[in-house]
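In what follows, a single structure is set out as structure tokens and then discussed.
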Amino acid sequence: MRLHAVSKSVTLSVLLGLLTACSGDADPDAPVTRKLVIGAYTTPREAMNEALLPKFKEAWQAKTGEIVEFETSFQASGSQARAIAGGFEADVAWLSLEPDVQTLVDAGLITRDWRATPTKGIVSSSVVVIGVRPGNPKGVADWADLGKPGIEVLTPNVRTSGGAMWNVLGVVGAARRGHVGADTSEAHAEAVLASVLKNVRVMDKGARDSMISFEKGIGDAIISYENELVVAALAGQKLDTVIPKSTVVIENPAAVVDVYAERHGVTDLADAFVAFLTEPAQQATLAKYGLRPVVDGVPVANFPPLGDTFTAADLGGWGSLKTTVFDDGALYDRALTSAQGQAQ
Amino acid sequence: MRASFGVWICALVALPMLAVLARAADGGLSGAWEAITRPAALHALGLSFGLSLLVVGIDLIFGLATAWALVRWDFPGRRLVSALVDLPFAVPTLVAGILLVVMLGPQSTLGGALAGVGIDVIYAWPGMILALCFVTLPFVVRAVEPVLEELDPAEEEAARTLGAGEALIVRQVLLPPLLPALAVGAGQSFARAIGEFGAMAVLSGNVPRETLVGSVYVLGEVEAGDSVEAAAVSVVLLVVSIIAQLVVSRVNQPWGRE
Amino acid sequence: MTPRHRTKPQGFGLVVTAAAILWVVGLVGVPLGALLLAVGAEPAQVVSELVQQGGLDALGRSIVLAVFAVIVGGVTGTLGGIVLARQRFWGRAVLDVAVDLPLAVSPVIVGLAFVILYGRGGWLEPLATALGVKVLFATPGLFLATAFVCLPFFVREVALVLEEVGTSEEDAARTLGASEWQVFVWVTLPQLRGALRVGTLLTVARALGEFGAVLVLGGAIEGRTQTATTFVHTMMEERHDAGAFGMSLILAAMTVLLVQALPTGARTKH
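Residue numbers (the numbering used here), protein chains in the order written: chain A, 110 to 453; chain B, 12 to 269; chain C, 6 to 275.
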């Protein structure tokens, strides 16, 4: 009888599920296993899963005999920061931009001076670039082209995505430095941003989501991290990269979340992991995934040359940028409003 | 003792809702009002409302047609159609979104062709409407079917032989028993559509004030750490769907009535 | 009532029938077929991604959540249904509405509600901390969310059946000297067999399909709070389309089977 069969299969599935969900028993003679919880932004997914985590596990086991298990979460940087602040007990946070780490400091979760490292807390770097379809059919050469009619642009939502904020800085910074027309005023930068936002059809949660949308055929151009495009190309996706004349240097911070690491008793492990990320060997690995190194002694020949570059500090630092660009009613908000006013 | 258990269940259900209400009022009534009337929030709510109404309209027409065809006529594949009608209720709504992406995404043949002529489906209203139609498909059909089955064709025959025109038959004979069933189906569809999240998370465009619906707006606010704004918009969505649910309950003659 | 005699549709009826077929088959059948094709096109890839990306763990977690929901829902639902059907008390109408409430709430709002309750400054946060239970981004939160959304099913089914069968058997047992407990176990429960079966099937289907609440509350952490549905979501994000489609097909198959096992009337009463 059908119902009988369903009851049987439900029971079987339940048993299977319970078996799968229960972890194995601890063997008293087995080496010590320790768990490291990492909360990261969306982009380093492949680099972590395919290279960094296995390498760290190997190195640590060789050094201490302990086995490291990882629990990882990759989501949009802003969301990840809020999740960690809201109770996600990550031992290490690797986020897209400094303000997101500051969120953790403000929540009292990072008690040390996380910037007191040789690389000032930064572990990876990239630049904001434009991705286009193979052959660049719409002839996109620079930021201004993204504002032309008939081009669909992808960029994520600034409220959740760190990448989106970097993208905005790329456009605005380039304009203010006189590389998008001669006018370097804030009003002009706002107008340029508005013209780009007018062409945005999908605002995904994070840089990775945005990239996936692009790969699925949405949009003509995507503003994203250079390394996001590299990873896409490695995965077999067909796209071309356009490096604008002037763009922002993305600096991604990583820090030990002291409160949680201490609570889990893995502070040493977390410290080691963050330091591990900036070792030349690991930076070289990151370079394979398109992340530009932040230490010397790592070959950068494969990276395309850049034009004018600037950092968040060059634009006044994140503190001032949050107020002038990203707050409610600030530059981004005004640009989005005027973009939607024009769109209809 | 038993009565107190009833109170206990009420508390289990009410507490989370009260928490949302309380958080929405955290900035005072004016704060909540401001959060709701923000352009992006207002548009998201309006879009949810509008799309849901449109989808209910579509459901009423096609649902009635489907129920009619299933009850009154014999056609090849009737059993298959009847089996298919129940599936959207079983399938997780996230999967519903995935289904549409598989079938109509730009990399599919159908989707690519449509995109070629300038029709965007995924990440645009057409796709969202299709997804909502999918998840609400069973309600009108299954609400109307039992009523149609109960209808005695003899009544209609009698009316016809007495010379009544089709319009009169529809109005006097068919509509009265059908209306409550249609109301129930519409109410259930509306309640489901307005709060729909899974499918929307997969295939709505998320562009504020264009393709961002209420439920995804709430998620955005939660992820942005703005729980007050999220709660305020949630209260509006809750009130609307609770009203729709109440309509259904009252019409349905709940088993609680003496 | 004259027995239903179906005729072949003609004229306008033909149009209506064609519309109905197009509607249902086009909206439901074809997409499911497309999913089957997508999975069938690369079965090895699907299996490898499911196994290597933590799909089994996620599916196992969803099943455990479903079992939990059935147990909790079954107990509270049976008791609640009895109260609703048999007791007359002030506020009963309120319970009537309250029980249906989880059906009207968008899943993301359910998640938000629990985040507010158990997050920083929440009303129940001190309680959870005192008990040493982590709710947000941990499995207890998943259990809570799932139990909440599945609450109505058992209650309604049980109450429905009890209304229909009435109290005559129970009263008879009482006059024969049976205690309340004996009445409950030997008279009431057997009457509820069908209702409990329907409640179980509906609860499992709903628990397996829950997405919004577990996403908000759990954070889809691989190996800890990843469920079958959030696994699909994560796979799409990681470009592992095959894994996403595979799990979608598994979920679709399981839930469809469950609902097909229901008696026809029960399906959309949800």
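Every residue gets a Cβ at the ideal spot worked out from N, C-alpha and C, and that includes glycine.
Within 7 angstroms of chain C by C-beta, residues of the region 169 to 187 of chain B in sequence order
none
Is it the case that the Cβ atoms of SER355 of chain A and ARG286 of chain A are separated by a distance below 8 angstroms?
yes
I'd like to know whether the C-beta of GLY399 of chain A is nearer than 8 angstroms to at least one C-beta of chain C.
no
Nearest residue (CA-CA) to ARG198 of chain C, options C:ASP62, C:ILE226, C:THR83
C:THR83
Strictly under 8 angstroms for the Cβ-Cβ distance: is ARG52 of chain A near chain C by that measure?
The requested residue 52 of chain A is not part of the displayed model; chain A covers only 110 to 453.
Less than 7 angstroms between C-beta atoms, sequence neighbours within five positions excluded: which residues of the same chain meet that for GLU269 of chain B?
Residue placement at GLU269 of chain B cannot be trusted, given a pLDDT of 37 that sits under 50; what the coordinates show is reported in the next sentence. No residues qualify anywhere along the chain.
Using DSSP's beta-bridge definition, name the partner residues of LYS13 of chain C.
Note: LYS13 of chain C sits in no beta bridge, so no partner.
Does PHE323 of chain A come within less than 8 angstroms of chain C when only Cβ atoms are used?
no
Cα separation between GLY142 of chain B and GLY231 of chain B?
Note that residue 142 of chain B corresponds to Ala in the displayed sequence, not to Gly. Roughly 20 angstroms separates the two Cα atoms.
For ARG224 of chain A, the three-state DSSP class (helix, strand or coil)
coil
So what's PRO157 of chain C in DSSP terms, helix, strand or just coil?
helix
List the residues of chain B whose Cβ lies closer than 7 angstroms to the Cβ of ARG11 of chain C, in chain order.
ARG83, TRP84, ASP85
Determine the DSSP secondary structure at ALA198 of chain A, reduced to helix, strand or coil.
What sits at residue 198 of chain A in the sequence shown is Glu, not Ala. It is coil, neither helix nor strand.
Would DSSP call TRP84 of chain B helix, strand or coil?
strand
For the region 219 to 239 of chain C against the region 139 to 146 of chain C, are there 3 or more C-beta pairs whose distance is under 8 angstroms?
yes
Can you grab the Cα-Cα spacing for the pair LEU223 of chain B / ARG310 of chain A, in whole Å?
11 angstroms
Taking only three categories from DSSP, how would you classify PHE179 of chain A?
strand
Report the CB separation of MET157 of chain A from ALA149 of chain A in whole angstroms; it is logged as a contact under 8 angstroms.
7 angstroms
May I ask you to list, following chain order, the residues of the region 174 to 187 of chain A that have a beta carbon less than 7 angstroms from some beta carbon of chain C?
GLU180, THR181, SER182
Boundaries of the alpha helix (DSSP H) in which VAL239 of chain B is found, first to last residue
238 to 262
If you draw a straight line from the alpha carbon of PRO27 of chain B to that of LEU248 of chain B, how long is it in whole angstroms?
15 angstroms
Residue(s) in a DSSP beta bridge with ASN361 of chain A:
A:SER233
Whose CA, out of A:ASN245, A:ALA316, A:ALA192, lies closest to the CA of VAL120 of chain C?
A:ALA192
Simplified DSSP assignment, three categories, for THR350 of chain A
strand
Can at least three beta-carbon pairs, one atom from the region 205 to 214 of chain C and one from the region 69 to 76 of chain C, be found at a separation below 8 angstroms?
yes
Relative to chain B, which residues along the region 314 to 347 of chain A have a C-beta separation below 8 angstroms, given in chain order?
LYS314, SER322, LYS325, GLY326, ILE327
Are GLY122 of chain B and VAL106 of chain B touching if we call contact CB-CB under 8 angstroms?
no
Mind checking if ASN217 of chain B is an interface residue toward chain A, Cβ cutoff 8 angstroms exclusive?
yes
Contact list for MET241 of chain C against chain A, beta-carbon separation under 9 angstroms:
ASP318, ILE321
What does a CB cutoff of less than 6 angstroms around HIS275 of chain C pick up in its chain, not counting 5 residues either side in sequence?
Bear in mind that a pLDDT of 44 at HIS275 of chain C, under 50, signals an unreliable position, so the number given afterwards is only what the model happens to contain. So no residue of the chain qualifies.
Cα-Cα separation, LYS164 of chain A to GLN392 of chain A:
12 angstroms
Identify every residue that forms a DSSP beta bridge with ALA149 of chain A.
A:PHE183, A:TRP203
Where does ALA330 of chain A fall in DSSP's three states?
strand
Measuring alpha carbon to alpha carbon, tell me which residue in C:ALA200, C:LEU256, C:GLN265, C:LEU267 is nearest ILE68 of chain C.
C:LEU256
Relative to the alpha-carbon of GLY326 of chain A, which residue among B:LEU53, B:LEU148, B:ARG261, B:ALA124 has its alpha-carbon at the smallest distance?
B:ALA124
Can you give the beta carbon distance from VAL155 of chain B to LEU189 of chain B, rounded, assuming they're within the 8 angstroms contact cut?
6 angstroms
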